[in-house]
Amino acid sequence: MVAGHLQEKKGYFYIVLNYKDELGKRKNKWISTGLPVKGNKKKAEALLVEARKNFESPQQADKENLLFSDFMLQWLEMMKHQIEITTYASYSHAVKGRIAPYFKETGILLKELQPKHIQEFYRYELEVRGVTANTVIHYHANIRKALQYAFKTDLIPSNPADKVERPKKNKFVGSFYDKEEMNKLFEAVKGAPIELAVLLAAFYGLRRSEVVGLKWDAIDFKNKTITIQHTVIEVSVEGKYITVEKDRTKNKSSHRSLPLVVAFEELLLQIKEQQERDRYQYKNSYCTDYLDYIYLDKLGHRIKPGYITQHFPLVLERHKLRRIRYHDLRHSCASLLLANGVSMKEIQDWLGHSDFSTTANIYAHLDVSTKITSAHAMSECLQL
């Protein structure tokens, strides 16, 4: 039975019923008794009991006709205030971009949703639209989480997503540059605005967000270290790009200190001197909002993450280099480390992976060369 109480207002009794809406927010419904306060308390209390017994919340009334697509949008709106904006952007892309539009066309109600309907959606996405299994797994995570909320709030008797088979995750096989290709790339970007981004990703294996987020206080010239501790990313939320700065990295292990090698120390000192010259040259036109950041343009504006993604393939095309993604430079870094005898555990620490299995799953296939070396050694030793 819904909670409620009597409230006096302008000499009359009102019934106030307290309930939660579909998003879990507390709501009040005021009902006039028409009874003057004087001499009518018992009558008003009787009406209160009756109103509490018979009350049907808008949520209860609407849930009979609530479309699954509308429920997903309501759930997304609720999550907006519970999760980080970067996570919300990911949820929004899945729900508003694909899940809600698909199920809106089917017209299926939340209460009628069955595992077969969700399974058919996955089949359509995989076979008709040609998305990857990993994308469908992302959809599944959103659908299952939303339906779990519906189950907990008694909108549905069980979670149909629990009975759905999600596709198997695609095993990642990235593209990698070898030593010769890396050196050609370094020559191609020398002096270009994208040079620093390429060198940091190729040598230190930095993520794009870590490159853009690198600050001068992360460089310890005295102790020769570079500390990865701040990130800058761009997310699209409802059609608008938002820049998000974080004083933390992707995960706890991503916060790492690495040796500052001589070549990078010299490069960073050159960049620092150039920024001082630019600031002097452009005077009032120079932006002073990002003085603590390393990766800036000539007018002091912080380089945007999107700039790297857009310009990297143009550099490869211009210099007739094999096409890879910018993020593949991070993988190329790992492959070169592995080829030079660095252990998987050391690579995990260098790249800042959260656990060893991540490193092993991505780069295990590259470990073949070390196995071949071992096989040759055993063959010579045992003379089979």
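First residue of the sequence shown? That's 223 in this note's numbering, and the numbers climb one at a time after it.
A virtual CB, placed ideally from N, CA and C, is assigned to each residue, including glycine.
Helix, strand or coil for G256 per DSSP? On the sequence shown, position 34 is the one that residue 256 refers to. Reduced to three states, the DSSP call for G256 is strand.
Based on the DSSP secondary-structure assignment, which residues constitute the bridge partners of G563? Position 341 of the sequence shown, counted from the first residue, corresponds to residue 563. In the DSSP output, where bridge partners are listed per residue, G563 has none listed.
For Y354, which of R388, I416, I450 has the nearest alpha-carbon? Taking the sequence shown and counting its residues from 1, the one referred to as residue 354 is at position 132. Tyr is not the amino acid found at residue 354; the sequence shown has Thr there. Nearest option by C-alpha distance: R388.
By Cβ distance, which residues of its chain are closer than 8 Å to Y346, with the 5 residues on each side in sequence left out? Residue numbering aside, residue 346 sits at position 124 when the sequence shown is read from its first letter. So the list reads Y324, once near-sequence residues are dropped.
Three or more C-beta pairs under 8 Å: does that hold for the stretch 497-515 against the stretch 394-413? no
Can A424 and C555 be called in contact, C-beta distance under 7 Å? Position 202 of the sequence shown holds residue 424. Position 333 of the sequence shown holds residue 555. Taking 7 Å as the Cβ cut-off, A424 and C555 qualify as a contacting pair.
Taking the Cβ atom as the reference point for each residue, do Y515 and R524 lie within a distance shorter than 7 Å? Working through the sequence shown from its first residue, we reach residue 515 at position 293. Working through the sequence shown from its first residue, we reach residue 524 at position 302. Contact flag set, yes.
F277 versus T255 - alpha carbon distance: The residue you call residue 277 lines up with position 55 of the sequence shown. The residue you call residue 255 lines up with position 33 of the sequence shown. Rounded to the nearest angstrom, the two C-alpha atoms are 15 Å apart.
Where does D589 sit, in a helix, a strand or coil, going by DSSP? Locating residue 589 in the sequence shown gives position 367, counting from the first residue. Low local confidence applies: a pLDDT of 49 at D589 is under 50, so the model's placement there is unreliable, and no value is given.
Taking its Cβ as the centre, do 16 or more other Cβ atoms sit within 10 Å of H452, making it buried, or is it exposed? Numbered from 1 along the sequence shown, position 230 holds the residue referred to as residue 452. Per the 10 Å Cβ criterion, buried.
Hey, L482 and K446: beta-carbon distance below 7 Å or not? Taking the sequence shown and counting its residues from 1, one reaches residue 482 at position 260. Taking the sequence shown and counting its residues from 1, one reaches residue 446 at position 224. A contact, by the Cβ cut-off of 7 Å.
Express the C-alpha separation of L228 and K326 in angstroms, rounding to a whole number. Here residue 326 is taken as the residue at index 104 of the sequence shown, counted from 1. Here residue 228 is taken as the residue at index 6 of the sequence shown, counted from 1. Roughly 42 Å separates the two Cα atoms.
K390 versus A383 - alpha carbon distance: Position 168 of the sequence shown, counted from the start, is the residue given in the question as residue 390. Position 161 of the sequence shown, counted from the start, is the residue given in the question as residue 383. So the two alpha carbons sit approximately 16 Å from each other.
With H, G and I counted as helix, E and B as strand and the rest as coil, what does DSSP make of K251? Within the sequence shown, residue 251 is the residue found at index 29, counting from 1. Reduced to three states, the DSSP call for K251 is strand.
So, is F645 buried or exposed, given that buried needs 16 or more other C-beta atoms within 10 angstroms? Nothing can be reported for residue 645: it is not among the residues displayed for the chain, which extend from 223 to 606.
Cutting at 6 Å between CB atoms, please list the residues of its own chain near P337, excluding the five before and the five after it. Locating residue 337 in the sequence shown gives position 115, where the first residue counts as 1. Around P337: P382, K385, V386.
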